[in-house]
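Participant: Pasting in a structure now, in structure tokens, and then I'll have a few things to ask.
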Amino acid sequence: MFARVNSAAVIGVDGKIIEVEADLEYKLPSFATVGLAEGAVKESKERVTSAIKNSGFSFPQRKVTINLAPADLRKEGSAFDLPIAIGILAADRRIPADALKKIVLVGELSLDGALRHVRGVLPITIEARDKGFEAIIVPKENAKEAALVDNIRVFSASELSEVAGFLSGQNSIEEIQHLELESLVCENTCEIDISDVKGQAHVKRALEVAAAGSHNILMVGPPGSGKTMLARRIPGILPAMTLEEALETTKVHSVAGTLREGNPLVVERPFRDPHHTISEVALIGGGVYPRPGEVSMAHNGVLFMDEMPELNKKSIEALRQPLEDGAVSISRAQYKVKYPASFMLVVAMNPCPCGYMTDPRHECTCSPFKIQRYMAKVSGPILDRIDIHVDVPAVSYRDLTDDSDQNETSETIRNRINTAREIQKNRYKRFKSIHANAHLEPRSIKQYCRIDDEGELILRRSIDTFGFSARAYHRILKVSRTIADLDGQESILARHVSEAVQYRTLDRNMWIK
3 MFARVNSAAV IGVDGKIIEV EADLEYKLPS FATVGLAEGA VKESKERVTS AIKNSGFSFP
63 QRKVTINLAP ADLRKEGSAF DLPIAIGILA ADRRIPADAL KKIVLVGELS LDGALRHVRG
123 VLPITIEARD KGFEAIIVPK ENAKEAALVD NIRVFSASEL SEVAGFLSGQ NSIEEIQHLE
183 LESLVCENTC EIDISDVKGQ AHVKRALEVA AAGSHNILMV GPPGSGKTML ARRIPGILPA
243 MTLEEALETT KVHSVAGTLR EGNPLVVERP FRDPHHTISE VALIGGGVYP RPGEVSMAHN
303 GVLFMDEMPE LNKKSIEALR QPLEDGAVSI SRAQYKVKYP ASFMLVVAMN PCPCGYMTDP
363 RHECTCSPFK IQRYMAKVSG PILDRIDIHV DVPAVSYRDL TDDSDQNETS ETIRNRINTA
423 REIQKNRYKR FKSIHANAHL EPRSIKQYCR IDDEGELILR RSIDTFGFSA RAYHRILKVS
483 RTIADLDGQE SILARHVSEA VQYRTLDRNM WIK
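Residue numbers (this note's numbering): 3 to 515.
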């Protein structure tokens with residue numbers, strides 16, 4: 003006796019429909035799972051057997067063979083428990099086969115037959131809809147996540163017996179109404195405000211430019227100068243996420259299993275701040291069964307790397323691909339997955355191992371060799387990929403005790419940034435991959451970042467003086483374009499180029515010696 007049930011696997015951040023085939027033979031009782039099943043899938047036979055028995059059904063005393071097709075695609079995770087159990091019951095004529103043709107099932111089973119939360123339901127539901135399926139059955143904990151997808155019926159259940167009874171026509175289960183995504187996406191509601199930071203007006207300006215063009219930024223300063231405090235307030239000045247960005251980000255967090263209960267859609271820009279002891283795999287992603295790393299978890303948000311020279315060299319250099327491509331490719335012998343990783347990189351570091359080289363109130367105890375070795379940990383290729391470098395000096399007593407209301411709030415800065423982003427959105431509306439000035443390719447830079455003769459002269463002299471690379475040249479032009487957008491100017495003027503050049507001189511002052 004044979005039955006076929008539709009389920010799905012997650013490859014990267016995309017769903018892939020999997021056919022679960024169940025066959026029962028009149029042979030000695032056994033249970034075999036084939037079709038490149040890994041880890042938790044192999045263990046499913048114990049959970050499925052107990053779940054069926056404890057849900058009021060008798061487990062068939064026959065040879066049970068489960069095939070997961072296509073057989074050349076690796077399957078991993080516990081989401082196949084429910085379709086395997088339903089497949090066995092259907093092959094045993096407990097459930098009509100016709101009820102399974104246009105429906106997809108995912109869910110982990112506990113030993114008593116209860117359904118548990120699984121990862122990746124959002125991309126699975128999107129794939130089911132795109133492949134023409136009419137409905138999907140998911141655990142109750144995943145119901146709101148699946149309901150984000152329109153044009154497909156979403157049913158939720160808490161037990162195996164409920165699903166079996168529903169497919170047999172004996173009872174009904176809850177159908178979840180589609181959630182209107184527009185009502186879930188909200189304005190920026192960051193609770194911490196940039197006005198809390200005393201002084202550092204030039205650093206706030208640099209952060210405004212970085213946020214307006216989605217540029218990467220490096221802050222160098224002694225301990226206590228406010229680098230971390232400033233970085234944590236960047237999400238508060240970034241524009242609210244668009245619906246498309248929210249769905250992309252939610253897919254990544256769904257695959258990683260980090261969606262918060264009751265919040266099926268990620269509506270706030272992620273802010274990830276991994277510790278400097280993080281491993282290369284945890285940062286970039288990977289593992290035996292690849293999972294998104296911190297760079298992907300920060301997709302459409304901010305990745306804050308504090309004390310960057312303290313990271314191991316491999317982790318630092320591994321940032322090159324996501325910074326350049328906006329994605330991470332992880333290759334294994336039998337497969338390859340790709341995770342999105344388009345984020346704003348914010349780096350904070352000390353100017354030397356002791357941290358006080360630029361602090362007038364403390365004496366630096368580091369030798370020139372130690373300073374050089376410390377700075378060399380952040381290589382030139384990484385620095386070239388960071389658009390803006392800014393010095394963060396120690397805060398003076400006068401700034402700390404200033405109680406005036408002259409500091410701009412996050413909302414004020416965000417309004418200017420929103421205006422600049424709207425200009426960029428209209429300028430690049432015919433491009434799919436360009437959403438901000440930082441995403442411009444060399445060919446587009448030539449078209450959209452033209453400067454006048456005076457600006458050309460400033461840039462030529464700067465390159466001759468500081469020895470900027472070709473990549474740094476392009477990044478100066480992109481930052482100049484952003485400064486001009488903040489200034490409301492269609493043309494890039496000499497003052498815009500001058501400010502952009504200032505954001506590239508810090509690395510040369512410290513690294514070329």
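The beta-carbon is built from N, C-alpha and C at its ideal position, and this holds for glycine as well.
Assign I196 to buried or exposed, taking buried as 16 or more other Cβ atoms, counted over all protein chains shown, within 10 Å of its Cβ.
Facilitator: Buried, by the Cβ-count rule.
Participant: Take every Cβ of the stretch 78-90, pair it with every Cβ of the stretch 107-126, and state whether three or more of those distances are shorter than 8 angstroms.
Facilitator: Yes: the two stretches touch, three or more of their Cβ pairs being nearer than 8 angstroms.
Participant: State the start and end residues of the unbroken alpha helix (DSSP H) segment that holds I384.
Facilitator: Where I384 is concerned, the enclosing alpha helix (DSSP H) stretches over 382-386.
Participant: Could you compute how far the alpha carbon of R429 sits from the alpha carbon of G215?
Facilitator: Taking the straight line from one Cα to the other gives about 13 angstroms.
Participant: Work out the CA separation of R262 and A502 for me, nearest whole Å.
Facilitator: Computed Cα separation, rounded: 40 angstroms.
Participant: Going by Cα to Cα distance, which pick from L209, I138, N56 is closest to S163?
Facilitator: Looking at the Cα atoms, N56 is the closest of the given residues.
Participant: Assuming V12 contacts P125 under a Cβ cut-off of 8 angstroms, what Cβ separation, rounded to an integer in Å, is found between them?
Facilitator: The pair is a contact, with the Cβ atoms about 6 angstroms apart (cut-off 8 angstroms).
Participant: Mind the definition here: the stretch 250-270 touches the stretch 363-374 only if three or more C-beta pairs lie below 8 angstroms; say whether that holds.
Facilitator: With a cut-off of 8 angstroms, the stretch 363-374 and the stretch 250-270 do not count as touching, because too few Cβ pairs lie within range.
Participant: Could you pull out every residue in the same chain whose Cβ sits closer than 6 angstroms to the Cβ of V151, ignoring the five residues on either side in sequence?
Facilitator: So the list reads T127, I128, R131, once near-sequence residues are dropped.
Participant: What runs of the beta strand (DSSP E), each 3 residues or longer, lie entirely inside the stretch 216-288?
Facilitator: You should have 219-222.
Participant: Which parts of the stretch 106-191 are runs of the alpha helix (DSSP H), unbroken and 4 residues or longer, counting only runs that do not cross its ends?
Facilitator: Listed in chain order, the complete alpha helix (DSSP H) runs (minimum 4 residues) inside the stretch 106-191 are 123-132, 145-148, 162-169, 183-186.
Participant: If we call anything under 8 angstroms between Cβ atoms a contact, is R506 one with A474?
Facilitator: Their beta carbons are under 8 angstroms apart, which means R506 touches A474 by this criterion.
Participant: Going by C-alpha to C-alpha distance, which of V22, K338, S344 sits closest to P272?
Facilitator: Cα-wise, what sits closest to P272 is S344.
Participant: Pull up the DSSP beta-bridge partners for M346, would you.
Facilitator: M346 pairs with V304.
Participant: Considering only the alpha carbon of each residue, which of A149, A148, A159 lies closest to K142?
Facilitator: Residue A159 is the option with its Cα nearest to K142.
Participant: When burial is assigned at 16 or more other CB atoms within 10 Å of the CB, is S526 buried or exposed?
Facilitator: Because the chain in this structure spans residues 3 to 515, residue 526 falls outside the shown range and cannot be described.
Participant: Have a look at S52 and I178 and give me their C-alpha separation to the nearest angstrom.
Facilitator: About 29 angstroms.
Participant: Ends of the beta strand (DSSP E) at L70?
Facilitator: L70 -> beta strand (DSSP E) spans 65-71.
Participant: Mapping the DSSP letters down to three states, classify T35 as helix, strand or coil.
Facilitator: Looking at T35 - three-state DSSP - the assignment turns out to be strand.
Participant: Rounded to whole angstroms, what's the CA-CA distance from D401 to H441? Just pull it up for me.
Facilitator: Spanning the two alpha carbons is a distance of roughly 36 angstroms.
Participant: Taking F59 as the reference, which of L75, L91, V165 has the closest Cα?
Facilitator: Out of L75, L91, V165, L91 has the C-alpha closest to the C-alpha of F59.
Participant: Is the beta carbon of E27 less than 8 angstroms from the beta carbon of N69?
Facilitator: No, the Cβ-Cβ distance between E27 and N69 is not below 8 angstroms.
Participant: Compute the distance between the beta-carbons of V349 and M221, then report whether it is under 8 angstroms.
Facilitator: Cβ atoms of V349 and M221: closer than 8 angstroms.
Participant: Please look up how many angstroms separate the CB atoms of R322 and P383, rounded, as I've assumed it's under 8 angstroms.
Facilitator: Indeed they touch by this definition, with Cβ atoms about 6 angstroms apart.
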